Amino acid sequence: MADNGCGFPAPGLHSFLFQPLFTVGGYEFNKVMLLALVTSVLVVAFFWVAFGKAKVVPGKVQMIGEAGYDFVRRGIVYETIGKREGEKYVPLMVSIFFFVWIMNIWSVIPLAQFPVSSIIAYPIVLALIVYVIWVSLTFKRHGFVGGWKNITGYDKQLGPVLPLVVVIEFFSNLLVRPFTHAVRLFANMFAGHLMLVMFTVASWYLLNSYMIPAAGVSFAMTMAMIVFELFVQAVQAYVFVLLACSYIQGALSESH
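This note's numbering applies: residue 10 is where the sequence shown begins, and numbers increase by one.
Below, the structure written as structure tokens:
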């Protein structure tokens, strides 16, 4: 924590930097990487246990797994892409949803207390996966010429504004889209963690001063922020997958 001169250890960018836990072949492995790895293991292990030996009368774990799987399948994929086209993308979207959600939820887990997705590299990789699927699917479905028409929104009926629309859509879809897809998740988790750290540190700082009543207010805000973050974490996972599905739906549709 940085000291701003008044003794208060204000949080900042340093709150997102971690010393390596160990180094292998010149590559540093830190806390964030560990949390990302644990997230992957948890997602795989949970669905392995839930569906590895699925029963007609499901147990508790299978029921939870089915509920989560069905939520993403019916509530996001089917609603956005459609049942016939979307079924093949359900496993991918379920995986992304739970991976993002658990990465986010580490923020409020004791000892971990850090959302992995607040490090932009992780949202970028996930956004690039969706981007590659979207671009490849666009050209596979529409061919080379039709793919470019789909991406650029080419429509002769636009008349004189067609060149402007094509340029705007080209940059918007091929350059801006993956960036905004990643940054939306990153920025929300980054800001939320920073606020949570600020109120947590402020509570301890005020508790050790003569402003004990203010410490109570700060602690109440910390609890409120935790509840709010739990909501935001789930919403961001939902939005990330919803956007991914909308991009795929756009690739499959005849018109841009």
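The beta carbon of each residue, even a glycine, is placed where N, CA and C say it ideally should be.
Since the model is a prediction, treat every value here as computed from it, not as a measurement.
- Item | Nearest-angstrom beta carbon gap, leucine 44 and valine 141 [assumed within contact, 8 Å] | Between leucine 44 and valine 141 the Cβ distance is about 25 Å, and since that is not below 8 Å, they are no contact.
- Task: Report yes or no: do three or more beta-carbon pairs, one from the segment 177-195 and one from the segment 147-164, lie closer than 8 Å?
- Result: Flag = yes, the segment 177-195 and the segment 147-164 touch.
- Could you check how far apart the C-beta atoms of methionine 102 and threonine 48 are, in whole angstroms? I think they sit under 8 Å. Not quite, the Cβ-Cβ distance comes to about 17 Å (not below 8 Å), so this is no contact.
- Item | Alpha-carbon to alpha-carbon, glycine 77 and arginine 93 | Rounded to the nearest whole angstrom, the CA to CA distance from arginine 93 to glycine 77 is 20 Å.
- Message: In this structure, how does DSSP classify phenylalanine 180 when only helix, strand and coil are distinguished?
- Response: Here phenylalanine 180 sits in helix by DSSP.
- Item | Residue range of the unbroken alpha helix (DSSP H) whose run includes glutamate 37 | Where glutamate 37 is concerned, there is no enclosing alpha helix (DSSP H), although the beta strand (DSSP E) it sits in stretches over 36-38.
- Query: Does the beta-carbon distance from valine 109 to leucine 135 come in below 8 Å?
  - Reply: Pairing valine 109 with leucine 135 gives a Cβ-Cβ distance under 8 Å.
- Task: Return the Cβ separation of serine 116 and glutamine 242 in integer angstroms, given the expectation that the two are a contact with Cβ distance under 8 Å.
- Result: Rounded, the Cβ-Cβ distance is 7 Å, consistent with contact.
- Spell out the partners DSSP gives phenylalanine 195 in its beta bridges. Note: phenylalanine 195 sits in no beta bridge, so no partner.
- Should glutamate 238 go down as buried or exposed, given a rule of 16 or more other Cβ atoms within 10 Å for buried? Its Cβ being crowded by 16 or more others within 10 Å, glutamate 238 is buried.
- In this structure, does DSSP put valine 33 in helix, strand or coil? Valine 33 carries a strand assignment under DSSP once its states are collapsed to helix, strand and coil.
- Task: Assess, as a yes-or-no matter, whether the segment 207-224 is touched by the segment 62-71 under the definition of 3 or more beta carbon pairs within less than 8 Å.
- Result: Here the segment 62-71 does not lie against the segment 207-224, with fewer than 3 beta-carbon pairs under 8 Å apart.
- Query: Measuring CA to CA, which of Ile73, Leu252, Lys97 is closest to phenylalanine 55?
  - Reply: Ranking the options by Cα distance to phenylalanine 55, first place goes to Ile73.
- Task: Identify whether lysine 165 lies in helix, strand or coil by the three-state DSSP scheme.
- Result: Three-state result, lysine 165: helix.
- Message: In this structure, how does DSSP classify asparagine 217 when only helix, strand and coil are distinguished?
- Response: The DSSP-derived three-state label of asparagine 217 is coil.
- Using 8 Å as the Cβ pair cut-off and three pairs as the minimum, do the segment 31-41 and the segment 75-89 touch? When Cβ pairs closer than 8 Å are counted between the two stretches, the segment 31-41 is seen not to touch the segment 75-89, the count staying below three.
- Query: Between leucine 261 and arginine 186, is the Cβ-Cβ spacing less than 8 Å?
  - Reply: Contact flag unset, no.
- Task: Look at the Cβ atom of phenylalanine 249, then the Cβ atom of isoleucine 105, and state whether they are nearer than 8 Å.
- Result: In this structure, phenylalanine 249 sits near isoleucine 105, with a CB-CB distance shorter than 8 Å.
- Task: Would you give the residue range spanned by the alpha helix (DSSP H) that glutamate 94 belongs to?
- Result: That run of the alpha helix (DSSP H) goes 92-95.
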